[in-house]
Amino acid sequence: MGNLLYLVHRLPYPPNKGDKVRSYHLLKHLLNQHRVFLGTFVDDPADEAYVATVRDLCPDLYAARLNPRRAKLRSLAGLLSHQPLSLHYYRNSGLQDWVRQTLTVQQIDAVVIFSSVMAQYVDANCSVPQLVDFVDVDSAKWTQYAPDHAWPLSWLYRREGERLLAYERAVAARAERSFFVTDNEADMFRRLAPESATRVDAVSNGVAADFFSPEPTRASPFPGATDAPVQIPLVFTGAMDYWPNVDAVTWFVSDILPALRQQWSGLCFYIVGRSPTQAVLDLAGPDVVVTGTVADVRPYLQHAAVVVAPLRVARGIQNKILEAMAMARPVVAAQSCVAAISAEPETELLAANSVADFVAQIGALLASPERSDSVGSAGRQRVLQSYSWTAHLSKIDRYLNFKATP
């Protein structure tokens, strides 16, 4: 058993949003064989209730409080430097002191860094081996945002993309190994950072398929009274303060749903997820429901007619898609999302690029309950066969094969 320092930009519990799902399962995997000293941020007041739970798992935990509003203001200081704004957003002197003390006092065998911004807490001359889970090429994400926004945001996003890429390359250059969530992301980074190409691997996400499993007795959250109109629920899940998700549901409501209404009556689009922005709340109407935070997303997935993921801006694997597939529901997703998942097109996961594509794919599923069930069942089998967390994360173990601290 070794001593690991694990640095994560957000408390890895509960696993209720994309990055926290991966960071939680990585923490769980590391704890099976190692003592884990965890340094992280708490950026959601609701997560305060879970700090003690995580503390019980680790010999030491430093959870720095992060106020998103203040952090955004602080990040603007980065405009006066050549650094990415993201580094200033996640800068905390208390966490920095704790990391230095931990590396000095404890016999740390390796540092595992989740998200490149957390690498700023490890001095460049640190001799302890470092493994970095970039997850996605975040610099490319910022660059991708730029064309969809007006100045000055377009300029700001391009600047962040350029500065963050330079920083990502520097982090990867001193890392023993760098990980990305898909082969496509790993290949992209190899092209962008050729000096580190031989030390880049893909480690896919998984799904807790025993948790995300259809249960016959699970009640539907949708209206079901005999005197109520028949409702056909279409479902999108995700953190609704995340811009790609906001863009996805806005596009669905403004363009795709009206086209579907011309062919189908009784459709209702459910936007299920925490922290909806005002732009998302404004989408609510007679046939659009914005739920906000729900205690359990599984009933919404299990009883959905179709789960949709119309993400026009997306990087890496979308956990929301894997979870819906695990729940044996048919999923229609943007082609870029489908390409990141190892699934058989048209039989396990359906792709769409345009409004017409989404209307055709969703309409075909609604018209044939048999095909809908077949796609859902095949999708769950794909998850069971190809998306085990243990199998994927075991790839990291070979780089933690050091002489363990007694």
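Just so we're aligned, residue 0 is where the sequence shown starts under numbering that gives the first Met the number 0, counting upward by one.
The beta-carbon is built from N, C-alpha and C at its ideal position, and this holds for glycine as well.
Can you grab the Cα-Cα spacing for the pair residue i / residue j, in whole Å?
{"i": "A375", "j": "E343", "result": "The displayed chain sequence assigns Gly, not Ala, to residue 375. The alpha-carbon atoms of G375 and E343 are separated by roughly 12 Å."}
{"i": "A333", "j": "R260", "result": "20 Å"}
{"i": "L94", "j": "G38", "result": "7 Å"}
{"i": "A45", "j": "P275", "result": "15 Å"}
{"i": "P13", "j": "E167", "result": "27 Å"}
{"i": "D42", "j": "Q317", "result": "22 Å"}
{"i": "D137", "j": "L280", "result": "27 Å"}
{"i": "A363", "j": "S264", "result": "15 Å"}
{"i": "R381", "j": "K394", "result": "20 Å"}
{"i": "H28", "j": "A390", "result": "10 Å"}
{"i": "L72", "j": "D182", "result": "35 Å"}
{"i": "A224", "j": "C267", "result": "With a pLDDT of 48 at A224, under the threshold of 50, the predicted position of this residue should be treated as unreliable, though the coordinate-derived value follows. Computed Cα separation, rounded: 16 Å."}
{"i": "S341", "j": "S195", "result": "26 Å"}
{"i": "M0", "j": "H33", "result": "5 Å"}
{"i": "D396", "j": "D132", "result": "13 Å"}
{"i": "N352", "j": "I320", "result": "16 Å"}
{"i": "D295", "j": "N400", "result": "38 Å"}
{"i": "V248", "j": "D147", "result": "15 Å"}
{"i": "V180", "j": "S373", "result": "28 Å"}
{"i": "R64", "j": "A192", "result": "33 Å"}
{"i": "V392", "j": "H24", "result": "Reading the sequence as shown, one finds Leu at residue 392 and not Val. Going from the Cα of L392 to the Cα of H24 covers about 8 Å."}
{"i": "Q106", "j": "Q360", "result": "55 Å"}
{"i": "D226", "j": "A218", "result": "The predicted model places D226 with a pLDDT of 48, which falls under 50 and marks its position as unreliable; any figure quoted below should be read in that light. Near 18 Å, if we compare the C-alpha coordinates of A218 and D226."}
Below 8 Å on the Cβ atoms is my contact criterion, and I expect residue i with residue j to pass it. Report the Cβ-Cβ distance as a whole number of Å.
{"i": "R311", "j": "D246", "result": "6 Å"}
{"i": "V177", "j": "R190", "result": "With the sequence shown as reference, residue 177 is identified as Ser, and Val is not the correct amino acid for it. Not a contact, Cβ separation roughly 14 Å."}
{"i": "V307", "j": "F251", "result": "6 Å"}
{"i": "V354", "j": "I255", "result": "5 Å"}
{"i": "A304", "j": "P232", "result": "6 Å"}
{"i": "G409", "j": "V134", "result": "With the chain covering only 0 through 405, there is no way to say anything about residue 409."}
{"i": "S371", "j": "P329", "result": "5 Å"}
{"i": "E159", "j": "S85", "result": "7 Å"}
{"i": "V127", "j": "L163", "result": "Actually they do not touch by this definition, with Cβ atoms about 24 Å apart."}
{"i": "R297", "j": "F211", "result": "7 Å"}
Keeping to the same chain, check which residues put their C-beta closer than 7 Å to that of residue i; ignore five residues upstream and five downstream.
{"i": "A283", "result": "V289"}
{"i": "V35", "result": "L3, Y5, L26, L29, C57"}
{"i": "A76", "result": "H87"}
What did DSSP end up calling residue i once you bin it into helix, strand or coil?
{"i": "A201", "result": "strand"}
{"i": "F211", "result": "coil"}
{"i": "A436", "result": "Residue 436 lies beyond the residue range present for the chain, which begins at 0 and ends at 405; the question has no answer from this structure."}
{"i": "V234", "result": "strand"}
{"i": "C267", "result": "strand"}
{"i": "L300", "result": "helix"}
{"i": "I395", "result": "helix"}
{"i": "D226", "result": "Residue confidence for D226 is low, a pLDDT of 48 falling below 50, so the modelled location carries little weight; the figure read from the coordinates is stated next. Note: D226 maps to coil in three-state DSSP."}
{"i": "V35", "result": "strand"}
{"i": "R64", "result": "strand"}
{"i": "S177", "result": "strand"}
{"i": "Q129", "result": "strand"}
{"i": "I316", "result": "coil"}
{"i": "P344", "result": "strand"}
Taking the alpha helix (DSSP H) that residue i falls in, what are its first and last residues?
{"i": "T142", "result": "137-144"}
{"i": "Q371", "result": "At residue 371 the sequence reads Ser, which differs from the Gln that was named. Here the alpha helix (DSSP H) through S371 covers 368-385."}
{"i": "C57", "result": "Run containing C57: none; DSSP gives neither H nor E here."}
{"i": "K104", "result": "The question names Lys, but residue 104 in the sequence shown is Val. It spans 92-104 - the alpha helix (DSSP H) in which V104 sits, taken as one unbroken run."}
{"i": "F188", "result": "182-191"}
{"i": "V279", "result": "277-280"}
For the beta strand (DSSP E) that residue i lies in, which residues bound it at each end?
{"i": "N2", "result": "1-7"}
{"i": "A350", "result": "349-351"}
{"i": "T290", "result": "287-291"}
For residue i, which residues from the same chain have a beta carbon less than 6 Å from its beta carbon, with the 5 sequence-adjacent residues on both sides left out?
{"i": "S114", "result": "H8"}
{"i": "S335", "result": "A313"}
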